[in-house]
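Q: In our numbering, the protein residues as written are 1 to 386. Every residue, glycine too, gets a C-beta built ideally from N, C-alpha and C.
1) Within its chain, find whatever has a CB closer than 6 Å to the CB of residue 72; leave out the 5 residues flanking it on each side and keep chain order.
2) Can you give the beta carbon distance from residue 150 to residue 96, rounded, assuming they're within the 8 Å contact cut?
3) Taking only runs of the alpha helix (DSSP H) that begin and end inside the region 133-191, which ones reach a length of at least 4 residues, in chain order?
4) Take the Cβ of residue 225 as the centre, count every other Cβ of all protein chains shown within 10 Å, and call the residue buried at 16 or more, exposed below.
5) For residue 82 versus residue 335, is the C-beta distance shorter than 7 Å?
6) Quick one: residues in its chain with C-beta nearer than 8 Å to the C-beta of residue 10, no 5 flanking neighbours on either side, listed in chain order?
7) Counting along the chain, where does the alpha helix (DSSP H) carrying residue 110 start and finish?
8) Check each candidate in 94, 124, 63 and 123 and name the one with the smallest Cα separation from residue 144.
9) List the residues that DSSP assigns as beta-bridge partners of residue 9.
10) On the CB-based measure, 16 or more other CB atoms within 10 Å of its CB, does residue 248 come out buried or exposed?
11) Between residue 318 and residue 290, how many whole angstroms is the CB-CB distance? I'm expecting something under 8 Å.
12) Measure the Cβ-Cβ separation of residue 194 and residue 177 and say whether it is below 7 Å.
13) Could you name the residues of the same chain whose beta carbon sits closer than 6 Å to that of residue 269, not counting the 5 residues immediately before and after it, in chain order?
14) Taking Cβ to Cβ, would you say residue 298 is nearer than 7 Å to residue 384?
15) Span of the beta strand (DSSP E) holding residue 218?
16) Let me know the secondary structure DSSP gives residue 199 once reduced to three states.
17) Can we say the region 250-259 touches the region 276-291, given the rule of at least three CB pairs closer than 8 Å?
18) Distance check for residue 189 and residue 265, CA to CA, integer angstroms please.
19) Report the partner residues of residue 75 according to the DSSP bridge assignment.
20) If we call anything under 7 Å between Cβ atoms a contact, is residue 155 one with residue 101?
21) Given this structure, state the Cα-to-Cα distance separating residue 26 from residue 50, to the nearest angstrom.
22) In whole angstroms, what is the alpha-carbon distance linking residue 276 and residue 92?
23) Sorted by chain position, which residues of the same chain lie with C-beta nearer than 7 Å to residue 387's C-beta, five sequence neighbours on each side aside?
24) How many Å lie between residue 292 and residue 382 at the Cα?
25) Distance, Cα to Cα, residue 119 vs residue 260?
26) Please decide whether residue 186 counts as near chain B, where near means a Cβ-Cβ distance under 7 Å.
27) What is the rounded straight-line gap between the Cα of residue 301 and the Cα of residue 104?
28) Quick one: what does DSSP say residue 66 is sitting in, helix, strand or coil?
In structure tokens form, the structure reads like this:
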């Protein structure tokens, strides 16, 4: 790959970069030392691989304040975790409520079930800033029929943070599924204090882990989630029926041992840095970026425009330029990496008024510096003046 002069990475909402050295070392250790199937054999390497997966599961449970790590179901990403929850919970005749700010990882499974006549779906419009309409969600819930309420914790388009406590108070008997793709790792989350039934996360964004990692956390372990797939688990192999106990009931096939070791290492990096401190840093960077953007002519900023109400994700458009042209110019002329387009969330763009062209998404992380923010602002000033 050609050398970059001074790469400025502003696409952390897609995947974090660079990975911490601890994560790289953990993955390498897993490949080098634990290349065996956990739970499938009785030899030393298999037992060590089993221990590595168990320790990773314990690390995730401790981070999100879950007392029983068996309630942590490992998946390959948050998309699989959301599909596991949606297809695993919903049955014929169920009603589902969600918001207009959801990612396609939520919308597409729900629209599929709706199109096949399995569920009824109510999508409650959010505000132009991406804020959930709590009263609208409450009115949409049918106490006798609504099975599932689905919300993202933070928007992947504009970063707007949802008040999970307020939403949990209006859900009634429905299960609450939270898409935490954009919040897990960059905001303090204590599931022991939240009435959240199903919590889906990914490992490769703010948790700093490798791609190919994620999970679904069951709040009590008694949620009636059916397996998304069935197969070998290394347990109860004398039976051709899927085991009923967790996590085996919902995990089939050989797990990604090295990458789950990397996920655990990423979480330990966050714990050492302090998630509160990470959140404070990202709010500072977001404030600096917003302050500069809001002073620019021809630049439209979407979302709350308030670091207290959003993650370090800022979407903009430049008058007279397509998002793809802005992204191309930033990459070619300034070595700045951003995301352009619809970000797999067309409903969110309809909500904020940027459909169909989408937006330029600038997303920062715990490693983003003040100098990098100033470089981005300088590059955009150059673009709008030419």
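A: Checking against the coordinates, here is how it stands:
1) 57, 60, 61, 215 and 217
2) 7 Å
3) 134-140 and 164-168
4) Classification for residue 225: buried.
5) no
6) Listed in chain order, the non-local C-beta contacts of residue 10 below 8 Å within the same chain comprise 336, 337, 338, 362, 363, 364, 368, 372 and 376, local neighbours out to five positions each way being set aside.
7) For residue 110, the enclosing alpha helix (DSSP H) covers residues 104-115.
8) 94
9) BP columns for residue 9 point to 337.
10) buried
11) In fact, because the Cβ distance is near 16 Å, the residues do not count as touching under 8 Å.
12) no
13) 20, 22 and 208
14) yes
15) 214-218
16) strand
17) no
18) Roughly 18 Å separates the two Cα atoms.
19) Within the DSSP bridge table, the entry for residue 75 names 214 as partners.
20) In contact: residue 155 and residue 101 (Cβ atoms closer than 7 Å).
21) Roughly 15 Å separates the two Cα atoms.
22) 43 Å
23) Examination of residue 387 is not possible in this model, given that the chain is present from 1 through 386 alone.
24) 13 Å
25) 34 Å
26) Protein chain content of the structure displayed is limited to a single chain, and chain B is not contained in it.
27) 23 Å
28) coil
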